[in-house]
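Chains as they are written, first to last, in our numbering: chain A, 1 to 435; chain B, 1 to 266. For glycine and all other residues, C-beta sits at the position ideal for the given N, C-alpha and C.
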Ligand SMILES: Cc1ncc(COP(=O)(O)O)c(C=O)c1O
């Protein structure tokens, strides 16, 4: 069981949160393309506004199609509740925003997605929320970085783009020993490969834009409230344990307990920030989620085959994937394989890398991951281009690094395409030698 | 709010409003291993519509300290001490499952402070399979899971939630994991005077109301109908729902709760 459902993961992905008895028996989840919902009466409206009754008021706050995706993802990750947002970045933002206020502090893994690093290092700093970046698998460093005003430890379960696997049980233990929750961005892992709540995480975030959608047709995010963290005992979370004036002094912890954080995000962030997922995007993302487990099997097996193939290729200098010489926590956390992202460097450095990417025909050079199609990117000149040299190094990015999100195409076709690229890269090396 | 009962810090949910003992007080009593959060929405409605709400976490449950009480009788007596401490004068007792057994005991001690009793998804006796009690002692997580699987109806098993985005089974699992489930289940199992108490209460003319869940597998509907007979009242049945009625169907539960309490208070 997932701690929220007795159904198996594949069944949850297809059925949770929606049964066709309602809605004219529609087998597919209907798209509720509406901004708002007619109240039965003034009394009902007032009950909805004052959280005396569950239901929908306005699609910035909740929407029935979006709610299906939320409940499905909460069940899949084994959480108490979930809030879907317009993007993965807004899911991260509302998580930090709900736990931190001005004067607070975050401890984050140094190896994280570039925009998340910018959010933590620059954007939140403008609101006087500071961040210390650490090697997340060095528990002395994590523990040492936690201050009196620290509100959370953050990491990605598989770091982007260095692909280090975070040792979630060890990090959770370090954080919990200091009364602090662990927030995990599990985008690269997907709920199919690893469920962070089972390994001690308290909040899980996904960019559902990626593998969960899989089609590359919709941007979205989700925050899943793990429901296990005792916000009161920690003593650090007035946003959850003290009266919230805009809702008549609502105390989220007292009233909603395990769903306190999800309810706070719903009542505050969705209302005031309004980074809502659209019903149409929720529908598209649900279509993706339905086949996540099947796609992930092919993603992982293709990625593992590509690793072996690249390792043997003459034009390739190095290959990185967490399953290569996997350490013990990677084996424990990712028994089905540690995802379908790999990085590698071609011989000849940055120019050869550029030639590789430009010669590809099947694979797409773009700033996304987790599409069912194979995607490639040079992070140093794109997603992580705003980082300084030193920050690039600590984020695990070398100048020649090529990031590959291995798709689910027929393996031999991906290999044929990469052969085109590697031949072009080899040409650059030959020219360099001639000069 | 927190009050001292038997020298233990005791949490009483008041529905998001300060407690006022002079108002008619709706006392919401949770079931085995759960807590006041099962009434989160209904509590808010009553608190914001002219009533005071008194929804305790019983000793050693969730936000309350103290030692877990081992019998329904002692829980009933404890409730009276808690109500005394808060100076409650007009009491409507509403209990879910075990909470209603406690209500029956407390009702017998309240005298003319008692205004009505209401039962949700319950019966006058809740025999518990000894294997489940033993499991609750040795492996409380597995026992809680078994109860969640039996307790929540079909729609909840398929991830339905009255509050968009939430997973009531997941919320219940967290709450039950930390509460003295085995003690509660043993207390339910040992309690045998419910039918007698209900009949006696009926003879006093105390208004009562019984709401049952059609698909209740823990306190089956037919047992609830017997309770209604003992209380000399009609039972209403909420279709499709399971034993965790206040959480599974908060809107329908509230509909019956407010209708009944308003009719008594009229
Ligand atoms: C690990 C990770 N987290 C978060 C995000 C941001 O998600 P979105 O693009 O949906 O805002 C990304 C995007 O690439 C990502 O890779």
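Under the DSSP assignment, residue 106(B) falls in the alpha helix (DSSP H) whose first and last residues are 98 to 110. In this structure, DSSP gives residue 13(B) an extended state, which the three-state scheme calls strand.
By the neighbour-count criterion, in which a residue is buried when 16 or more other Cβ atoms sit within 10 angstroms of its Cβ, residue 2(A) is buried. Listed as beta-bridge partners of residue 132(A) by DSSP are 107(A). With its beta carbon less than 8 Å from one in chain A, residue 45(B) belongs to the interface. Between the beta-carbon of residue 56(B) and that of residue 12(B) there is about 5 Å, and that keeps the pair under the 8 Å contact cut. Secondary structure of residue 120(B) (DSSP, three-state): strand. Contact note: residue 212(A) does not reach chain B at a C-beta cutoff of 9 Å; the least C-beta distance is about 16 Å. Contact note: residue 72(A) reaches chain B through 159, using a C-beta cutoff of 7 Å and chain order. When secondary structure is reduced to three states using DSSP, residue 241(B) falls in the coil class, being assigned neither helix nor strand. Between ligand 1 and residue 254(A), a heavy atom-to-CB distance of less than 7 Å is absent. The beta carbon of residue 116(B) sits no closer than 8 Å to any beta carbon of chain A. Considering only 374(A), 380(A) and 370(A), the residue with the shortest C-alpha distance to residue 349(A) is 380(A).
Collapsing the DSSP output to three states places residue 148(A) in coil. In this chain, the alpha helix (DSSP H) harbouring residue 10(A) covers 9 to 15. Between residue 17(A) and residue 67(A) a beta carbon distance of about 7 Å is seen, short of the 8 Å cut, so the two are scored as contacting. The DSSP assignment places 194 to 204 as complete runs of the alpha helix (DSSP H) inside the stretch 189 to 219 of chain B, in order along the chain (cut-off: 4 residues).
Legend: CB atoms of the stretch 232 to 265 of chain A lying less than 7 Å from CB atoms of chain B belong to residues 248, 249, 250, 254, 255, 256, 257, 258, 259 and 262. Note that the C-beta distance between residue 142(A) and residue 171(A) is below 8 Å. Residues of chain A with a Cβ closer than 7 Å to the Cβ of residue 169(B) are, in chain order, 4 and 5.
Counting along the chain, the unbroken beta strand (DSSP E) around residue 317(A) starts and ends at 316 to 320. Distances taken from the Cβ of residue 97(B) to the heavy atoms of ligand 1 include none shorter than 7 Å. Three or more beta-carbon pairs drawn from the stretch 250 to 260 of chain A and the stretch 218 to 230 of chain A are found closer than 8 Å, and the two stretches are therefore classed as touching. In terms of beta-carbon proximity, residue 52(A) lines the interface with chain B, with at least one pair separated by less than 8 Å. In the structure shown, residue 182(B) adopts helical secondary structure according to DSSP, grouped into three states.
The nearest non-hydrogen atom of ligand 1 is less than 7 Å from the C-beta of residue 156(A). For residue 166(B), the beta-bridge partners assigned by DSSP are 81(A). Around residue 62(A), the beta-carbon contacts reaching into chain B at under 7 Å are 164 and 165.
Within its own chain, the residues whose Cβ lies closer than 6 Å to the Cβ of residue 302(A), once the five positions on either side in sequence are excluded, are 406 and 411, listed in chain order. At a cut-off of 8 Å between beta carbons, residue 311(A) makes no contact with chain B. By the CB criterion at 8 Å, residue 215(A) and residue 288(A) fall inside the cutoff. The closest CA to that of residue 58(B), considering only 69(B), 122(B) and 50(B), is found on 69(B). Rounded to whole angstroms, the separation of the alpha carbons of residue 34(B) and residue 180(B) is 9 Å. As computed with DSSP, residue 92(B) is found in a beta bridge with 26(B) and 116(B). Contacts with chain A at 8 Å (Cβ-Cβ) include residue 175(B).
Counting only runs of at least 4 residues, the stretch 325 to 361 of chain A fully encloses the following alpha helix (DSSP H) elements, listed from N- to C-terminal order: 328 to 333 and 349 to 359.
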